[in-house]
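Chains as they are written, first to last, in my numbering: chain U, 1 to 452; chain E, 1001 to 1452. The block underneath contains the structure these notes are about, expressed in structure tokens.
There are 2 protein chains.
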Amino acid sequence: MSQSSPSLVPFRAVDAIRNKRDAKEHTRQEIEQLVSSYTRGQIPDYQVAAWLMAVVLKGMTRAETAALTEAMLHSGEVLDLSSLPGIKVDKHSTGGVGDKTSLVLAPVAAAGGLLVPMISGRGLGHTGGTLDKLEAIPGFNVNLVLPEFLRVLRKCGCAMIGQTAEIAPADKKLYALRDVTATVESPYLICASIMSKKLAEGIDALVLDVKTGSGAFMKKQEDAAFLAELMVETGQRMGKKMVALLTDMDQPLGRKVGNALEVEECIEVLRGQGPDDLRQLCLDLCGWMFKLGAASASVEEGRQRAAEIIASGRGLEKLREMVRLQGGDARVVDDPALLPQSRHKSDVLSPRDGFVTAIQCEQVGVASMMLGGGREKKEDSIDPAVGLVLHKKFGERVTRGEPLCTIHYNAEARVAAARQMIEASYQIADQASAAVHPLVHGFICGTENEGS
Amino acid sequence: MSQSSPSLVPFRAVDAIRNKRDAKEHTRQEIEQLVSSYTRGQIPDYQVAAWLMAVVLKGMTRAETAALTEAMLHSGEVLDLSSLPGIKVDKHSTGGVGDKTSLVLAPVAAAGGLLVPMISGRGLGHTGGTLDKLEAIPGFNVNLVLPEFLRVLRKCGCAMIGQTAEIAPADKKLYALRDVTATVESPYLICASIMSKKLAEGIDALVLDVKTGSGAFMKKQEDAAFLAELMVETGQRMGKKMVALLTDMDQPLGRKVGNALEVEECIEVLRGQGPDDLRQLCLDLCGWMFKLGAASASVEEGRQRAAEIIASGRGLEKLREMVRLQGGDARVVDDPALLPQSRHKSDVLSPRDGFVTAIQCEQVGVASMMLGGGREKKEDSIDPAVGLVLHKKFGERVTRGEPLCTIHYNAEARVAAARQMIEASYQIADQASAAVHPLVHGFICGTENEGS
Chain U
1 MSQSSPSLVP FRAVDAIRNK RDAKEHTRQE IEQLVSSYTR GQIPDYQVAA
51 WLMAVVLKGM TRAETAALTE AMLHSGEVLD LSSLPGIKVD KHSTGGVGDK
101 TSLVLAPVAA AGGLLVPMIS GRGLGHTGGT LDKLEAIPGF NVNLVLPEFL
151 RVLRKCGCAM IGQTAEIAPA DKKLYALRDV TATVESPYLI CASIMSKKLA
201 EGIDALVLDV KTGSGAFMKK QEDAAFLAEL MVETGQRMGK KMVALLTDMD
251 QPLGRKVGNA LEVEECIEVL RGQGPDDLRQ LCLDLCGWMF KLGAASASVE
301 EGRQRAAEII ASGRGLEKLR EMVRLQGGDA RVVDDPALLP QSRHKSDVLS
351 PRDGFVTAIQ CEQVGVASMM LGGGREKKED SIDPAVGLVL HKKFGERVTR
401 GEPLCTIHYN AEARVAAARQ MIEASYQIAD QASAAVHPLV HGFICGTENE
451 GS
Chain E
1001 MSQSSPSLVP FRAVDAIRNK RDAKEHTRQE IEQLVSSYTR GQIPDYQVAA
1051 WLMAVVLKGM TRAETAALTE AMLHSGEVLD LSSLPGIKVD KHSTGGVGDK
1101 TSLVLAPVAA AGGLLVPMIS GRGLGHTGGT LDKLEAIPGF NVNLVLPEFL
1151 RVLRKCGCAM IGQTAEIAPA DKKLYALRDV TATVESPYLI CASIMSKKLA
1201 EGIDALVLDV KTGSGAFMKK QEDAAFLAEL MVETGQRMGK KMVALLTDMD
1251 QPLGRKVGNA LEVEECIEVL RGQGPDDLRQ LCLDLCGWMF KLGAASASVE
1301 EGRQRAAEII ASGRGLEKLR EMVRLQGGDA RVVDDPALLP QSRHKSDVLS
1351 PRDGFVTAIQ CEQVGVASMM LGGGREKKED SIDPAVGLVL HKKFGERVTR
1401 GEPLCTIHYN AEARVAAARQ MIEASYQIAD QASAAVHPLV HGFICGTENE
1451 GS
């Protein structure tokens, strides 16, 4: 990006569109003007729509991506947490099925001395959202105003809310436009959207969990790796400590899918139980949070620290505290049966003997959505009680008639289609697959953290 | 394009945008739905803007281009001239500086037995427009309603008006959007825009004059040739007889630039005088009109027929008739001094002895616009009297102090900048350039007229 001095030529959106169309690099100033004019309603949707399509098809340089992220970040309020002592670290996941680590990480990291100012989103389509899960806890308020959010954060070390109107309004406007103009799928735009919102939290470090596989937005590992690299570099250009873990979403994470069910599973992990994959991934991510937050000398040391916090019950205690401070019924932490329960359960049985050789992960997410556990459209409401418990996962042996999965449901009308989808999503063969599904495919930490 | 049966899936613009973004070929139905929904206001500008940018960057197949042209054509009224005996032929030029052939061609072709239902545009930027030239004739009405247009056409064999609101409304809407979203420069979109309007005239055959060179929209000959080929194929797919001539716009056509001045020069040609390049190009284009309109066995025979019509004075007589029928003062045909005259004239003198080795053609057009002869913005009004008379053109010898050009102007304030621009546009060297500027670079007539 050329370091242009402030130009006397007035900004014309059509020139910016033409530049991107012709694969010319935008100046930082041009991007700032485009984003700020659009946010203020000074340039129309149709010009930005044409520009977005040109970005999708022509791409962006790293400098342009960082400039876009920064312009979107500064379109709204950026939290100033400098008055709070301690290093502020967050984790962000690109989303998947049964992806519930935030509810474990925030309390464990806070119990380990970090500050975790977590601003999350809702689920859409086959993926769940942290806010929906939190709201399965009776009384839990994800709509704290910012001063209240800071109060909880100061008191307990972690707080979890939804995006406020003040945070990155440019992203809200751009995302709504991308959604209807087939311009969602661009790593540059995805990067700027995620990073502008996350950096508005006023954090020092960010651990990214970039999902890849059949249940992720990025089905191909190279696409996920590209996005991960882009986000890490963008964060680093803005002075943040960054790492991205590329993790598996070829099957649901853990065994429970659905809002109350996922809260329950997180509590299991915080009790030192829960499924192995979920527990391991939480330890990995938390290890990185401690490392980037200077609370441990290495990732491995951070991992051990997280395991100790869980073993000592301090993670569970921190969850109890946060739930209480955000108006939720903290008794659920000790008695998950107080979480919303579905009226009915029904098992999906294995049609044969053999081994699970694949689970179409996105279909499992869609099945949960169909039960009412997720949203097809933004306006849809959610049933916190419904969902799925997977008894069998990749590589496991099954016998004919044995339950593969239990459907938790309330509406009889919705169960048949969901059942059909789950049946179709399981692939069972005589022989176990030779394929390996590592939980973590790798990590990208750019130049800053190299050798750590 | 796949021959899909009418689909039961409702049309969603976002799917069409995604298809083009991903370089998938649109079905004819998809294009029809996009154009008709947009014309009816059922899909918003921002979706069409994203689609237009995807078209600019991903292109279109010939089948898609034809489908788009046809959908735009049928968005409005298509003249039905079947009640008029004779073959309907028109000429369309992509525009240039001093490009005034229509005022010669329409009367000559009509005098030769063709019907010429000519619907033209106005000038913008450095190029002139036929309507502006016609309006330099006192009283000439280019805004005839369609029944009146047909009456003139039936009576005199030619009629010349501006685009009515009923003709190709999709193009009006799309063009306005392209103008502000940097999506003008796509041969596919240019082809559909031109051809949809021209074919709405209800013609049987069309001669295209595709300009190339420094004063044309397509500076590069390969771009002009590609557009020409696209338009010829599109017209042929719709059952029209087509030819495109690739002609030179590296210097202005003829010696006069400006509205009344150009009318005057056309009258000169119809009197058997006028500059050689203009006369030759008119004969070439008219030869093709007669050939495609089956009024001559060959282009050469058509050319001779045109020359005879001019020599006999029948072309001039036909112009007189058309001007009268459209409310204009027909005396100008015999006394061009009755055309608007500028109050002042000023010569641009040659700074040295030598030969004209280049004329920056676009700058000459801009100079005429600056005098008031053209429009910078659509809303600008025009001064019919102003313009330029070029005494020296490419290859001609000049001596120091000899007039290169005479500026016809009314506003003193505008003349200095125009003079500067003209001075800069002339390149004069000791030796004549070895470069050749053929008037016609070639012609494209597709498969149908091959060997003719």
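Don't be surprised by glycine CBs; every beta carbon is placed ideally from N, CA and C. Predicted, not measured: the structure shown is a model, and the values here were computed from it.
For residue i and residue j, I'd like the C-alpha separation in whole angstroms.
i: residue 1451 of chain E; j: residue 1268 of chain E; result: Low confidence applies here, because residue 1451 of chain E scores a pLDDT of 38, under 50, leaving its location unreliable; read the following figure in that light. The straight-line gap from Cα to Cα measures roughly 34 Å.
i: residue 54 of chain U; j: residue 42 of chain U; result: 20 Å
i: residue 1021 of chain E; j: residue 38 of chain U; result: 23 Å
i: residue 129 of chain U; j: residue 59 of chain U; result: 28 Å
i: residue 1136 of chain E; j: residue 1066 of chain E; result: 36 Å
i: residue 1107 of chain E; j: residue 1316 of chain E; result: 7 Å
i: residue 10 of chain U; j: residue 29 of chain U; result: 11 Å
i: residue 294 of chain U; j: residue 204 of chain U; result: 11 Å
i: residue 1444 of chain E; j: residue 127 of chain U; result: 56 Å
i: residue 354 of chain U; j: residue 145 of chain U; result: 53 Å
i: residue 1 of chain U; j: residue 87 of chain U; result: The predicted model places residue 1 of chain U with a pLDDT of 39, which falls under 50 and marks its position as unreliable; any figure quoted below should be read in that light. Spanning the two alpha carbons is a distance of roughly 32 Å.
i: residue 207 of chain U; j: residue 236 of chain U; result: 12 Å
i: residue 415 of chain U; j: residue 330 of chain U; result: 31 Å
i: residue 1438 of chain E; j: residue 1222 of chain E; result: 16 Å
i: residue 68 of chain U; j: residue 192 of chain U; result: 6 Å
i: residue 1005 of chain E; j: residue 1049 of chain E; result: For residue 1005 of chain E, the predicted structure reports a pLDDT of 45, less than 50, and the residue's modelled location is therefore unreliable. The matter cannot be settled from this model.
i: residue 248 of chain U; j: residue 379 of chain U; result: 30 Å
i: residue 1243 of chain E; j: residue 1255 of chain E; result: 27 Å
i: residue 1116 of chain E; j: residue 1089 of chain E; result: 5 Å
i: residue 259 of chain U; j: residue 343 of chain U; result: 15 Å
i: residue 422 of chain U; j: residue 46 of chain U; result: 41 Å
i: residue 7 of chain U; j: residue 1180 of chain E; result: Confidence at residue 7 of chain U is low in this model, with a pLDDT of 49, below 50, so its placement is unreliable and the value that follows should be read with caution. Cα to Cα, the separation comes out at about 21 Å.
i: residue 1189 of chain E; j: residue 1096 of chain E; result: 19 Å
i: residue 1339 of chain E; j: residue 1100 of chain E; result: 16 Å
Against residue i, what residues of chain E qualify as contacts under a CB-to-CB distance less than 8 Å, listed in chain order?
i: residue 385 of chain U; result: The premise fails here: residue 385 of chain U is roughly 33 Å from chain E at the closest Cβ pair, so nothing lies under 8 Å.
Looking at the C-beta of residue i, does it have a partner C-beta in chain U at a distance below 8 Å?
i: residue 1465 of chain E; result: Chain E is shown from 1001 up to 1452; residue 1465 of chain E falls before or after that span and cannot be answered.
i: residue 1017 of chain E; result: yes
i: residue 1014 of chain E; result: yes
i: residue 1010 of chain E; result: no
i: residue 1002 of chain E; result: For residue 1002 of chain E, the pLDDT reaches just 41, beneath the cut-off of 50, and the residue's location in the model is therefore unreliable, although a value from the coordinates is still provided. With 8 Å as the cut-off, residue 1002 of chain E does not count as an interface residue toward chain U.
What residues from chain U crowd round residue i, counting only those whose CB sits closer than 7 Å?
i: residue 1052 of chain E; result: 50
List, in chain order, every chain U residue whose beta-carbon is nearer than 8 Å to that of residue i.
i: residue 1047 of chain E; result: 49, 180, 181
i: residue 1057 of chain E; result: 21, 53, 54, 57, 58
Against residue i, what residues of chain E qualify as contacts under a CB-to-CB distance less than 7 Å, listed in chain order?
i: residue 177 of chain U; result: 1046
DSSP has residue i in a bridge; who is on the other side?
i: residue 1252 of chain E; result: According to DSSP, residue 1252 of chain E bridges with nothing at all.
i: residue 1313 of chain E; result: In DSSP, residue 1313 of chain E forms no bridge with anything.
i: residue 1160 of chain E; result: E/1118
i: residue 422 of chain U; result: For residue 422 of chain U, which the question treats as bridged, DSSP gives no partner whatsoever.
i: residue 92 of chain U; result: U/208
i: residue 429 of chain U; result: U/355
i: residue 1442 of chain E; result: E/1246
Determine, using beta carbons only, whether residue i comes closer than 8 Å to chain E.
i: residue 35 of chain U; result: no
i: residue 452 of chain U; result: Its pLDDT being 37, under 50, residue 452 of chain U is placed unreliably by the model, and nothing is read from it.
i: residue 367 of chain U; result: no
Using a Cβ cut-off of 9 Å, pull out every chain U residue sitting near residue i, in sequence order please.
i: residue 1348 of chain E; result: Here the premise fails: no neighbours, minimum Cβ distance about 30 Å.
Exercise. Just list the beta strand (DSSP E) runs in the segment 327-410 of chain U, keeping only unbroken ones of 3 residues or longer that don't cross its boundaries, in chain order.
Key: 344-349, 354-359, 387-390, 403-409
Quiz item: Of all the beta strand (DSSP E) runs that stay within the bounds of the segment 1098-1138 of chain E, which reach a length of 3 or more residues?
Solution: 1116-1120
Exercise. Starting from the N-terminal side, write out each stretch of the alpha helix (DSSP H) that is 4 residues or longer and does not extend beyond the segment 241-313 of chain U.
Key: 259-270, 276-292, 299-311
Quiz item: Curious, which full-length alpha helix (DSSP H) runs of at least 4 residues does the segment 1180-1224 of chain E contain?
Solution: 1187-1199
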